[in-house]
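Okay, structure first, notes after.
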Amino acid sequence: MDILTAIAIMALGAVVLGAALGFAAIKFKVEGDPLVEKIEAILPQTQCGQCGFPGCKPYAEAIAKGDVDINLCPPGGMEGVQRLADLLGREVKPLEAEEKPKQVAIIDENTCIGCTLCIQACPVDAIVGAAKQMHTIIAGQCTGCELCLPPCPVECIRMETIGETLDNWKWKYPVVGIKAVPLKDAA
Amino acid sequence: MSHYLFILVGAVLVNNVVLVKMLGLCPFMGVSKKLETAYGMGAATTFVLTLATGASYIIDQYLLLPFGLEYLRALSFIVTIAAIVQLTEMVIAKTSPTLQQTLGIYLPLITTNCAVLGVPLLNIAGGHNFVESLLFGAGSAVGFSLVLILFAGIRERVECADVPVYFRGSAIAMVTAGLMALAFMGFAGLDKYQ
Amino acid sequence: MLNLFKFWGGIKPPSHKTESNQHPIGVAPLPSHLIVPLHQSIGGTPKPVVQAGDKVLKGQLIGEADGWISAAVHAPTSGTVREVAMHVRPHPSGLDSLCVVIDPDGRDEWIARTPLDLATTAPADVFAHLQRSGVVGLGGAGFPAHGKLTPAPNVPMDELIINGAECEPYITCDDLLMRERADEIIRGIALFRDLLQPKKVLIGIEDNKPEAVAAMTAAVAARGENFAVVAVPTRYPAGGAKQLIRVLTGKEVPGSMRSTAEMGVQVFNVATAYTAWRAVAHGEPVISRVVTLTGNVAEPRNYEVLIGTPMDELLKLARPHPDTNGILMGGPMMGFLVPNRQVPVVKTTNCLIAHSERLFPPKAPEMPCIRCGACATVCPHELQPFEMYWYARAKNFGKTQEYDIFDCIECGCCSYVCPSRIPLVQYFRFAKSEIWAREREKKAAEEAKARFEFKQFRDEREKAEKAEKLAKAAAAQAAKKAAEAAAAAAAPAGDAPATVAATDAPAPASAADADKAAKMATIQAAMERAKAQREAAQPKNIEALKPDQQRELAEIEARRQAAGIADAPASATQETKAE
Chain A
-16 MDILTAIAIM ALGAVVLGAA LGFAAIKFKV EGDPLVEKIE AILPQTQCGQ CGFPGCKPYA
44 EAIAKGDVDI NLCPPGGMEG VQRLADLLGR EVKPLEAEEK PKQVAIIDEN TCIGCTLCIQ
104 ACPVDAIVGA AKQMHTIIAG QCTGCELCLP PCPVECIRME TIGETLDNWK WKYPVVGIKA
164 VPLKDAA
Chain B
-4 MSHYLFILVG AVLVNNVVLV KMLGLCPFMG VSKKLETAYG MGAATTFVLT LATGASYIID
56 QYLLLPFGLE YLRALSFIVT IAAIVQLTEM VIAKTSPTLQ QTLGIYLPLI TTNCAVLGVP
116 LLNIAGGHNF VESLLFGAGS AVGFSLVLIL FAGIRERVEC ADVPVYFRGS AIAMVTAGLM
176 ALAFMGFAGL DKYQ
Chain C
6 MLNLFKFWGG IKPPSHKTES NQHPIGVAPL PSHLIVPLHQ SIGGTPKPVV QAGDKVLKGQ
66 LIGEADGWIS AAVHAPTSGT VREVAMHVRP HPSGLDSLCV VIDPDGRDEW IARTPLDLAT
126 TAPADVFAHL QRSGVVGLGG AGFPAHGKLT PAPNVPMDEL IINGAECEPY ITCDDLLMRE
186 RADEIIRGIA LFRDLLQPKK VLIGIEDNKP EAVAAMTAAV AARGENFAVV AVPTRYPAGG
246 AKQLIRVLTG KEVPGSMRST AEMGVQVFNV ATAYTAWRAV AHGEPVISRV VTLTGNVAEP
306 RNYEVLIGTP MDELLKLARP HPDTNGILMG GPMMGFLVPN RQVPVVKTTN CLIAHSERLF
366 PPKAPEMPCI RCGACATVCP HELQPFEMYW YARAKNFGKT QEYDIFDCIE CGCCSYVCPS
426 RIPLVQYFRF AKSEIWARER EKKAAEEAKA RFEFKQFRDE REKAEKAEKL AKAAAAQAAK
486 KAAEAAAAAA APAGDAPATV AATDAPAPAS AADADKAAKM ATIQAAMERA KAQREAAQPK
546 NIEALKPDQQ RELAEIEARR QAAGIADAPA SATQETKAE
């Protein structure tokens, strides 16, 4: 008899709690995933596809779902990985690919045959030109994704590292040079 | 009346659930990397713990004791706690997805948080009535949140400090936790009155 | 007497001003060549309007202002442009920028100068004239003066403050300028007053320059103006714009405020007022300025120096001691060691200090921060440098911003008093430029995202449009086929009704017949139109060609034929070539 009471009571408890949870699941249903936007804000928006996804947003969605690692974005660099790890509370992992300095694509205008293939490949419309006309790259809009390199039939596009100019120059981290100090100075 | 106050103060400071009773160390070490998550975890645990102590008291008094089923305490408490945790998780997922993501595995782990099961059991062992149980539960939860937040604050600063290489990460956190526990021993005797 | 206020913190370093302010302003001789950087003010880089080999006259425009916040650049003397090329600029980065190099011809011949008649000139034209004359803030920042002379639209201008504080040690160029050219400064201030219409004009001068205060007071009295010449307590950085505003008016400028004009205050350096007056009254653009030569030299003195004079040539005038190992531009607190000694004097070069280890012994190594708080007690902006340092060091830039790192004016008081000799300002500069870089990246990313999304949207739309077009074409094709079939069916018997319709049109035919006839007619017309269009679309470009062009075309055609044959075997190519 005791055992039956015990079973009955536990069953009753289970039913009550189950009903409560079921109700809550309907009441607090989450729609959409606001996390995706936060992840996307960290990604560099080069739309280069080096992560294996067609653009930054699909990658952000995949990260939010937890399907993929956070270290697949070379343009974001180690810093991007760090920030994603901070946001998501995941482990920092070394970058899958090599980290490259920021680059910009340059079209050799003498070689360009005006095929428009690179224009179609550019994800951010940073190439201007028309069929049979010379093309050129708007350097300010180029994200350095290298997606225009493979389609070019005459290989007239090359990547150039963005050099330091007065506009993007940064103060360096103060590094203290270690050098021997004479004893009397130290005292 | 004053003994209610002593239960509360005793639970928050003197018999701090983390630093004195050494319960709930898993989230204490796990979610204290950032102040923000510590706030979230503190709030979630406070909610769960207070509710769990109340619910456990009712279940124990009106369900288990009348039928002589004291041996089912651990089992029924765990089930209740699990349900409350599930509920909390749904609420957090709705209100703050980032918090849910950062709390990560630790949120469902509140279920198996020894503090959450330990406090109701300590309640029964202490022979508390309903109000005392609630106070003790809330006090323990506040004590947990307090040390968690303090600890997160310290860790955030330690993060920027020049820690010797071999002490970085968990090692320095353990040292810090130990020092905090020592500091909390200073509250001993605060809940005794003549 | 004006009631003065106090700003928090500040320091009193040894002033070292008496070395260089004993002699009147000298005139520096013409240097062997002049390197004039085009970018000398905040804002856009002026575009060069001369090229190598051009003859230029003194005061001739060589760089045209690019945008509103930008100021023109002029030839400091007459001569020949040697080149327009990249040269190192006096900037801590040591990076190159576009400069015009001029070889003086020694005649120092002025271009025709056109003074401005203030009585008949609208303010907008005065601004344009100042911009054309390259008048920028000569206190240090180099903000184009005309930009600051435009009053804020909603805030009445309460005070115009003229900054003659010159709080940094060693520098005496403004001191000497006020002593010797007070009258022209006062006229310049009057010009600013007329443009800004402030309620009060305050001239703040540190009380360690009594001669300058006396000269300015006398000049104000002589002109009959009601400007208040105020001696402010000597305390670094009293010459900071926000500090001087605080001392003279009691107003505190919030860190978030971009322009003090929104507070009803505007601050100009005395030298800016002077150059503005020269530009307006004499039509002289900014081609020279007073520079203090001091430090490790035998004869420290102030000189009127042409912009673009190489620093090493200039410093020779003061006869530097042999152990000089560098040149500091600006004062010892906020200045920097120039990247090499050949860099030119620019509009914001107020002082050159010959650097030597004797004068500025190297700092002992940095020690850990002991959180003594000395930096917080001297910070004129009431910041907490030790906290900012803690987070800047750990590269936690978000936290540095929480501690208001952007309110820091990099005055160097904290580094000066730090007992652990921590170069705090360097950490703050590092953190600031990192934050700026991040902002830039974020903006670029947002832009890229928007462009990417628009491209996707456009691709989608094009696809949809194409599909629609195809569907339409298919439908049209089907309709046409159906119509043709109908026409074919109607053709044998259709002749009769058509003629009937044509001939018997006035006669009342049956409604159905008329209807059918009308339909037929429209179909016929549509087909006619389509045919006409097809014909019109035929290429007609070959018919209109001249015979020689046709011949050329035929030749090309023949070549292409040959190449087509030659395409397959390589030997055949050679054969055709041999032929």
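Top line first, the protein sequences correspond to chains A, B and C.
Per my numbering, the first sequence runs over residues -16 to 170.
Per my numbering, the second sequence runs over residues -4 to 189.
Per my numbering, the third sequence runs over residues 6 to 584.
No residue lacks a Cβ here, since even glycine has one placed at the ideal position from N, Cα and C.
Just checking: is the beta-carbon of residue i within a distance shorter than 7 Å of some beta-carbon in chain C?
| i | result |
| --- | --- |
| A/Lys153 | yes |
| A/Leu100 | no |
| A/Pro27 | yes |
| A/Val107 | yes |
| B/Cys155 | yes |
| A/Cys131 | no |
| A/Leu149 | yes |
| A/Gln30 | yes |
| B/Thr171 | no |
Taking only beta-carbon atoms, is residue i less than 7 Å away from chain B?
| i | result |
| --- | --- |
| A/Ile(-8) | yes |
| C/Ala399 | yes |
| A/Pro157 | no |
From the options, pick the residue whose C-alpha is nearest to that of residue i; which is it?
| i | options | result |
| --- | --- | --- |
| A/Gly127 | A/Ala2, A/Ala113 and A/Ile145 | A/Ile145 |
| C/His326 | C/Leu298, C/Ile312, C/Asn345 and C/Gln347 | C/Leu298 |
| C/Gln136 | C/Glu289, C/Val272 and C/Arg534 | C/Glu289 |
| C/Arg186 | C/Gln271, C/Thr277 and C/Tyr408 | C/Thr277 |
| C/Ile116 | C/Glu465, C/Gln56 and C/Ile292 | C/Ile292 |
| A/Arg141 | A/Asn151, A/Leu18, A/His118 and A/Ile90 | A/Ile90 |
| B/Asn108 | B/Ile2, B/Ile79 and B/Gly63 | B/Ile79 |
| C/Tyr421 | C/Ala224, C/Ala450, C/Ser438 and C/Ala369 | C/Ala369 |
| A/Asp(-15) | B/Leu46, B/Thr106, B/Gly63 and B/Gly138 | B/Gly63 |
| B/Ser128 | B/Met(-4), B/Thr106 and B/Ile2 | B/Ile2 |
| C/Val78 | C/Gly72, C/Asn301 and C/Gly68 | C/Gly68 |
Strictly by DSSP, which residues pair up with residue i?
| i | result |
| --- | --- |
| A/Gln86 | A/Thr144 |
| B/Phe139 | DSSP, once it has assigned bridges, lists no residue as partnering B/Phe139. |
| C/Gly68 | C/Pro53 and C/Val78 |
| C/Gly255 | In DSSP, C/Gly255 forms no bridge with anything. |
| C/Tyr308 | C/Gly31 and C/Val296 |
| C/Leu103 | C/Met91 |
| C/Gly169 | C/Ile210 |
| C/Pro4 | The structure shown does not extend to residue 4 of chain C, since chain C is modelled only from 6 through 584, so no value can be given for it. |
| C/Trp73 | C/Trp73 pairs with nothing; no bridge assigned. |
Using a Cβ-Cβ distance cut-off of 7 Å, determine whether residue i contacts chain A.
| i | result |
| --- | --- |
| B/Val86 | yes |
| B/Ala33 | no |
| C/Ala512 | With a pLDDT of 48 at C/Ala512, under the threshold of 50, the predicted position of this residue should be treated as unreliable, though the coordinate-derived value follows. With 7 Å as the cut-off, C/Ala512 does not count as an interface residue toward chain A. |
| C/Pro544 | The predicted position of C/Pro544 is uncertain, since its pLDDT is 48 and thus under 50; no value can be drawn from it. |
| C/Gln347 | no |
| B/Phe131 | no |
| B/Phe62 | yes |
| C/Tyr408 | no |
| C/Ala506 | Note that C/Ala506 scores 45 on pLDDT, short of 50, meaning its location in the model is unreliable; the coordinates nonetheless yield the value given after this. Taking Cβ atoms only, chain A never reaches closer than 7 Å to C/Ala506, which makes this a no. |
Below 8 Å, can you find three or more Cβ-Cβ pairs linking the region 73 to 92 of chain C to the region 123 to 130 of chain C?
The region 73 to 92 of chain C vs the region 123 to 130 of chain C: no contact.
Cβ contact check for the region 88 to 103 of chain B and the region 28 to 42 of chain B: 3 or more pairs under 8 Å
The region 88 to 103 of chain B is in contact with the region 28 to 42 of chain B.
Write down every uninterrupted run of the alpha helix (DSSP H) in the region 394 to 454 of chain C whose length is 4 residues or greater and which is fully enclosed by it, in chain order.
Complete alpha helix (DSSP H) runs here, min 4: 402 to 407 and 418 to 422.
Quick check on the DSSP output: what are the complete beta strand (DSSP E) runs of length 3 or more inside the region 25 to 101 of chain A, in order along the chain?
Correct list: 86 to 90.
Contact between the region 146 to 160 of chain C and the region 311 to 328 of chain C is defined here as three or more beta-carbon pairs at a separation below 8 Å; is this criterion met?
Counting Cβ pairs under 8 Å, fewer than three are found: no touch.
Taking contact to mean at least 3 C-beta pairs separated by less than 8 Å, is the region 370 to 377 of chain C in contact with the region 335 to 351 of chain C?
These segments do not touch.
The region 33 to 46 of chain C / the region 104 to 122 of chain C touching (three or more Cβ pairs under 8 Å):
With a cut-off of 8 Å, the region 104 to 122 of chain C and the region 33 to 46 of chain C count as touching, because enough Cβ pairs lie within range.
For the region 162 to 177 of chain C and the region 198 to 211 of chain C, state whether three or more C-beta atom pairs, one from each stretch, are separated by less than 8 Å.
Because the criterion of three Cβ pairs below 8 Å is met, the region 162 to 177 of chain C and the region 198 to 211 of chain C touch.
Quick one: which residues of the region 374 to 404 of chain C get their C-beta closer than 7 Å to a C-beta of chain E? List them in chain order.
The displayed structure is made up of protein chains A, B and C, and chain E is not among them.
Okay, do the region 408 to 415 of chain C and the region 146 to 165 of chain B touch, 3+ Cβ pairs below 8 Å being the bar?
Short answer: they don't touch.
Do three or more CB pairs link the region 71 to 78 of chain A to the region 86 to 100 of chain A at distances below 8 Å?
No, they do not touch.
Stretch-stretch touch, CB-based, cutoff 8 Å, three pairs: the region 423 to 432 of chain C with the region 442 to 459 of chain C:
A contact is defined here as three or more CB-CB pairs under 8 Å, and the region 423 to 432 of chain C fails this definition with respect to the region 442 to 459 of chain C.
Is there contact between the region 66 to 73 of chain B and the region 0 to 17 of chain B, where contact requires at least three CB pairs shorter than 8 Å?
Segments in contact, no.
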